[in-house]
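Just so we're aligned: 445 in UniProt numbering is position 445 of the sequence shown, and the numbers increase by one with no gaps anywhere. Accompanying notes for the structure given below.
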Amino acid sequence: MEDQKTSAHDQKLSEKRAEQQKKSSEDSPIEKREMVMHGATLKCPYAQGPGELKVTSNEIQLQDQPFATIGDGNNMVNLQFKGTCGHPKWPARNMSPPPCMSVIKLTPWQNPGTTQIQEQTVLVKESYINCDPEFNSATASPIPKAESIKSEIQNNDVPKILDAYFVKWVSEKGTPVEKEEEVFNKKLGKKVTVKKKVETTKISPEKISERGLSYQVALIVETEGLTGKKIKVKIKSGKNKVLSDVNTEVSFIDLKDVEKVTEASKYAGIKAKSEFEVEVDNLANDSKIENASQFKNKAVLKLMLNQRADDLSFNLAKLIAASPEKEASVYIEVTSDEPKVEYLGKQGSGSLKNTFLNEGGQYFKIKYFEQPWIVKAREEQELGISEATHCSKIVDEYHAINRQNKPKECANTSNSSWCASFVGWCLNKSGYSAQLDPGAYSYGEEKTRYRAGFKKNPTDKKGLEKEEFGDPVWGKLIAGNQPLLGSICVLLNRHHVSMAVGKSNDGKTIYYLGGNQGNKVCVGTFGQRTSSLYPIEYTKKTEDDELPIYYTTNEKLSY
């Protein structure tokens, strides 16, 4: 009975060994045959759980652990398994399963590597050893020649890059903590230790699959065994060429470079990077972060999805707008040089190593959120429109939006302001309603403005005695006059109108894109916002609630 069961079992294992040898011969040496170290995991189909390899054959170490070699195959000394042995021979003998460590009898290691360490050949991930379990009085004995159980080595102790993904960096006020600090006490004439309360921030990272161009994100890399080591990160174009050729780097702003700036005028000089270096655990020990322990074994890189810190990168916006899907797909590449770590991922290959989010449907998407009338204003900004260089355009095109009063000048007269004409022109050219006879303050009203003297009906013998607002309704007020993305805002005690496109890091300053701002089309800051509207045809989107953060001089412009 025992002979029948064990012979069938041996036949099955012979087939498995042949399959393993064929697989090993096909494996790429570079990609598959990793060397094994002390503490590697052993798998045996009849053991109750994984075993552990104890190296005693040499003292040559890699990453603080000795290499395993073919000399590490001495029964219970090198192969450590807990629990009982589940081999079929024990039921065939009407015996209870004995402790695994009491019956280990091994062949030499099969399918080793090629490297020699202290005159012994190293073990690799594809190496295996056979066991014909038999009572051995729990003593270490010479390795017998036998065949049966294959134990596969899986090296789990090497440093790993586990995952990489984008998050929205959400912070809120944390619980203050007491911190001891040495200060000089004048009365005592010496330093004394005092306790001070330190404010903290609580971080709630929200994993995201898309984000708007010029908005901020954090990129988190999860690792094992890389504490204190530096890793390198690249963002690469995904399935289609949009921001760059497929599988090539896209440059963005590293917010660490922004934090280093001490003079606001230098924000515009910050250069975008195509490669970023960040240390693992860079936030794990930050005393100012309440939940810093959440970032243990993680590297956190904060980015601005833009190529300039002080305004939108309109060249990137145009590329996204021109793409068939109106979005740019990107993925993440993470590498570690010291120690060398390779992770191929589900879609990895020799040319796409250490990549994440590069599977179908998982690419991270970058979109352009600004509305059509803002795009039109950006185009004029890119042209460099100013009173000094484009006066005829201001008069012939922007002022043409006026139904009744059409100024003939663009500067230096009492009737030459063109901020309202510019807003109306941008709305009209992008297919949205606008004030037909605008003045800056009229953009604070939902109904259309009619100037004094205007004849509302062809049969009227004389025009209106005074200005009035009536149908049609061109716009809709935003609750609380909030400066949402692309909203039309009346400013400066109703003397200026412009369009909200950004905010400062602390949220206290709003940046507006408009005309007649310092005598040109540009982005600037203004005070005293009195109203905020969208054109009547526009339906507000969720992403409109958040303005991107820009870093600039906060210079207030004249109108």
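Note that CB positions come from ideal geometry on N, CA and C, so glycine has one too. Since this is a predicted model, take the numbers as computed values, not measurements.
Check this for me: beta carbons of E206 and K173, under 8 Å apart or not?
The beta carbons of E206 and K173 sit no closer together than 8 Å.
Less than 6 Å between C-beta atoms, sequence neighbours within five positions excluded: which residues of the same chain meet that for K541?
Excluding residues within five positions, none has a Cβ falling inside 6 Å.
Nearest-angstrom Cα separation, counted from F422 out to K408:
Roughly 15 Å separates the two Cα atoms.
Classify K273 as buried or exposed, calling it buried when 16 or more other Cβ atoms lie within 10 Å of its own Cβ.
Around the CB of K273, 16 or more other CB atoms lie within 10 Å, so the residue is classed as buried.
If we ignore side chains and look at the alpha-carbon of each, how far apart do I366 and E210 end up?
Here the C-alpha atom of I366 lies approximately 6 Å from the C-alpha atom of E210.
Please tell me whether Q216 and K288 are closer than 8 Å, where the distance is taken between their beta carbons.
Going by C-beta atoms, Q216 is not nearer than 8 Å to K288.
How long is the line joining the alpha carbons of E446 and G424, rounded to whole angstroms?
Distance between the alpha carbons of E446 and G424 is about 14 Å.
Considering Q216, what are the terminal residues of the beta strand (DSSP E) in which it resides?
Its beta strand (DSSP E) spans residues 216-224.
Contact under 8 Å by Cβ, F135 with S102:
Yes, the Cβ-Cβ distance between F135 and S102 is below 8 Å.
What is the C-beta distance between D544 and G453, in whole angstroms, given that I count them as a contact (C-beta under 8 Å)?
No, D544 and G453 are not in contact; Cβ-Cβ is about 38 Å, not under 8 Å.
Do you know offhand how far P159's Cα is from N297's?
Going by the C-alpha atoms only, they are around 11 Å apart.
For the beta strand (DSSP E) containing C522, list its first residue and its last residue.
C522: member of the beta strand (DSSP E) spanning 522-525, first to last residue.
Under 8 Å between C-beta atoms of E126 and T201:
The Cβ atoms of E126 and T201 lie no closer than 8 Å to each other.
Is the separation between the beta-carbon of L106 and that of C85 shorter than 8 Å?
Note that the C-beta distance between L106 and C85 is not below 8 Å.
Excluding sequence positions up to five away, which residues of its chain have a Cβ less than 8 Å from the Cβ of R378?
Short of 8 Å from the beta carbon of R378, and not among the five residues preceding or following it, lie these beta carbons of its own chain, in chain order: L312, F314, A317, E370, L513.
Touch test, the region 519-539 against the region 469-480, Cβ-Cβ under 8 Å, three pairs minimum:
Segments in contact, yes.
Please look up how many angstroms separate the CB atoms of I374 and V521, rounded, as I've assumed it's under 8 Å.
So it is not a contact: roughly 12 Å between Cβ atoms.
Tell me the DSSP secondary structure of K239 in three-state form.
Here K239 sits in coil by DSSP.
For G480, three-class secondary structure by DSSP:
The DSSP-derived three-state label of G480 is helix.
Buried or exposed (CB count within 10 angstroms, at least 16 for buried), S171
Exposed.
Please give the ranges of any beta strand (DSSP E) in the region 292-342, keeping only runs that are unbroken, at least 3 residues long and fully inside the region.
With a minimum length of 3 residues, the continuous beta strand (DSSP E) runs that stay inside the region 292-342 are 298-304, 328-337.
What do you reckon, are the CB atoms on K236 and E327 nearer than 8 Å?
Between K236 and E327, the CB-CB gap reaches or exceeds 8 Å.
For S251, which residues of its own chain have a beta-carbon under 7 Å away from its beta-carbon, when the five flanking residues on both sides are left out?
A272, K273, S274, Q307.
Which residue or residues does DSSP assign as beta-bridge partners of W425?
Secondary-structure assignment with DSSP links W425 through no beta bridge to anything.
Whole angstroms are fine: how far does the CA of T459 sit from the CA of R449?
Using only the alpha carbons, I get a separation of about 20 Å.
Output needed for P438: all residues of its chain with C-beta closer than 6 Å, excluding positions within five of it in sequence on either side, in chain order.
Contacts found: A420, G424.
Buried or exposed: which applies to F81, given that a residue is buried once 16 or more other Cβ atoms fall within 10 Å of its Cβ?
Buried is the call here.
When DSSP labels each residue in this structure, what does R211 get in the three-state scheme?
Strand.
To the nearest angstrom, how far is it from the Cα of T56 to the Cα of A47?
If you take the alpha carbons of T56 and A47, they lie about 23 Å apart.
So, for N516: in the same chain, excluding its five sequence neighbours on each side, which residues have a beta-carbon less than 7 Å away from its beta-carbon?
S417, W418, C419, F422, Y559.
Nearest-angstrom Cα separation, counted from T355 out to E325
Each residue's alpha carbon lies about 23 Å from the other.
Leaving out five residues before and five after K239 in sequence, what residues of the same chain have Cβ atoms less than 6 Å from its Cβ?
So the list reads S329, once near-sequence residues are dropped.
Which residue wins for smallest C-alpha separation from E338, given the options I104, I129, I231, Y331?
When each option's Cα is compared against that of E338, the closest is I231.
In the DSSP assignment, find the unbroken alpha helix (DSSP H) run with P472 in it and report its ends.
Segment 468-473 is the beta strand (DSSP E) holding P472; no alpha helix (DSSP H) there.
Per the DSSP calculation, E52 is bridged to which residue(s)?
According to DSSP, E52 bridges with T41, Q80.
The alpha helix (DSSP H) enclosing V490, as first and last residue numbers
Careful: V490 lies outside any alpha helix (DSSP H), inside the beta strand (DSSP E) at 488-491.
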